[in-house]
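**Q** For the record, in the sequence shown the residue sitting at position 142 is 142 according to full-length UniProt numbering, with numbers rising by one throughout.
Ideal Cβ positions, reconstructed from N, Cα and C, are used throughout, including at glycine.
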Amino acid sequence: LTMHRRENWGKPMEKTLRAVREYLEKHEDLYLVFPMHLNPLVREVVHKVLDNFERKILIDPLEYLEFIAVMDGAHYIMTDSGGVQEEAPSLGKPTLVLRDTTERPEAIKAGTAKLVGTKYNEVIKYMELLEGELYQQMSKANNPYGDGKTSQRIREYLQSI
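1. Report the start-end ranges of each alpha helix (DSSP H) in the UniProt domain "UDP-N-acetylglucosamine 2-epimerase" (1–158) that is 4 residues or longer and not cut off at the edges.
2. Between the segment 49–61 and the segment 15–33, are three or more C-beta pairs nearer than 8 Å?
3. State whether the segment 10–22 contacts the segment 35–50, with contact taken as three or more CB pairs (one from each stretch) at a distance under 8 Å.
4. Identify which residue in Tyr-64, Glu-128, Met-36 has its Cα closest to the Cα of residue 162.
5. Please report the distance separating the alpha-carbon of Ala-19 from that of His-37.
6. Grab me the residues of Asn-142's own chain with a C-beta within less than 6 Å of its C-beta, minus the 5 sequence neighbours each way, in chain order.
7. How about Leu-98 and Ile-68: do their beta carbons lie closer than 9 Å?
8. Taking the C-alpha atoms as reference points, what is the distance between Ile-59 and Gln-159?
9. Count the other C-beta atoms from every protein chain shown that fall within 10 angstroms of the C-beta of Asn-121, then say buried if there are 16 or more, exposed otherwise.
10. Rank Ala-74, Tyr-135, Arg-104, Met-3 by C-alpha distance to the C-alpha of Val-46 and give the top, closest one.
11. Rounded to whole angstroms, what is the Cα-Cα separation between Tyr-83 and Ala-107?
12. For the candidate residues Glu-63, Phe-34, Val-123, whose alpha-carbon lies nearest to that of Asp-51?
13. Quick one, which of Ile-124, Asp-72, Glu-86, Glu-66 has its alpha-carbon nearest Leu-17's?
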C-alpha cells in the first residue's frame, strides 16, 4: 500500500487505513507492507491507525528497484500514486486506486486498476472482490502501457537501417 497525496491527508487516509486494517484482521494469512511517505502528516495517521496492528511492515520510501521488488511480491496493490498505477500492470498486479479520480484512466479502461476512492465501505468491498474472479480478470488484463519490449523493438529497428 502506498498513500501520500494531499487530497488523502487526514480523514480520507484514516478511513482507508481503518478499512484495510479491519479487512486484514479477518484474514490472518495477509500482511500489509507500507512504504511510508516522509511527510509527518502521513506518518501521524499511519501510526495512529496501525501502530498496534501486528501484521504490518512500515518502512521508509524505497529506491526504485527495491520498490518494484516489493510490488512484485505483493498479491495486489493499493495506491493513490500515478506512477505505481503505471508500474503494476507490468507485474500482473491488480491495483486498487485510492482516489476519486485518476490521471491514468487507461488503466481503469484496460481493467488493470479499479477506482475505489477512500470510503471505508468501498475499500473493504473491493478488497473482498479481489478474493474471487475479479483478481484473475485484473491480473490477466492487457497492460495499457505496453508489453515491456519497446527497447528491443527500437534496437531491432536501428540495426535494420
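**A** To lay it out plainly:
1. 11–25, 40–50, 64–73, 82–87, 105–110, 120–129, 133–140
2. yes
3. yes
4. Shown here, the chain extends from 1 to 161; a query on residue 162 therefore has no answer.
5. Locating residue 19 in the sequence shown gives position 19, where the first residue counts as 1. Locating residue 37 in the sequence shown gives position 37, where the first residue counts as 1. Going from the Cα of Ala-19 to the Cα of His-37 covers about 20 Å.
6. Walking along the sequence shown from the start, residue 142 turns up at place 142. Closer than 6 Å at Cβ, skipping near neighbours: Ala-110.
7. On the sequence shown, residue 98 is found 98 positions in, with the first residue counted as 1. On the sequence shown, residue 68 is found 68 positions in, with the first residue counted as 1. Going by C-beta atoms, Leu-98 is not nearer than 9 Å to Ile-68.
8. As a position in the sequence shown, residue 59 is number 59, starting the count at 1. As a position in the sequence shown, residue 159 is number 159, starting the count at 1. Cα to Cα, the separation comes out at about 44 Å.
9. To locate residue 121, count along the sequence shown from 1; it is residue 121. Asn-121 comes out exposed.
10. The residue labelled residue 46 in the question sits at position 46 within the sequence shown. The candidate whose alpha carbon is nearest that of Val-46 is Met-3.
11. As a working mapping, residue 83 is identified with position 83 in the sequence shown. As a working mapping, residue 107 is identified with position 107 in the sequence shown. The sequence shown places Gly at residue 83, rather than the Tyr named in the question. For Gly-83 and Ala-107, the distance between alpha carbons rounds to 11 Å.
12. As a first step, residue 51 must be located in the sequence shown, where it is residue number 51. When only C-alpha atoms are compared, the closest one is Phe-34.
13. The residue labelled residue 17 in the question sits at position 17 within the sequence shown. Measuring from the Cα of Leu-17, the nearest candidate turns out to be Ile-124.
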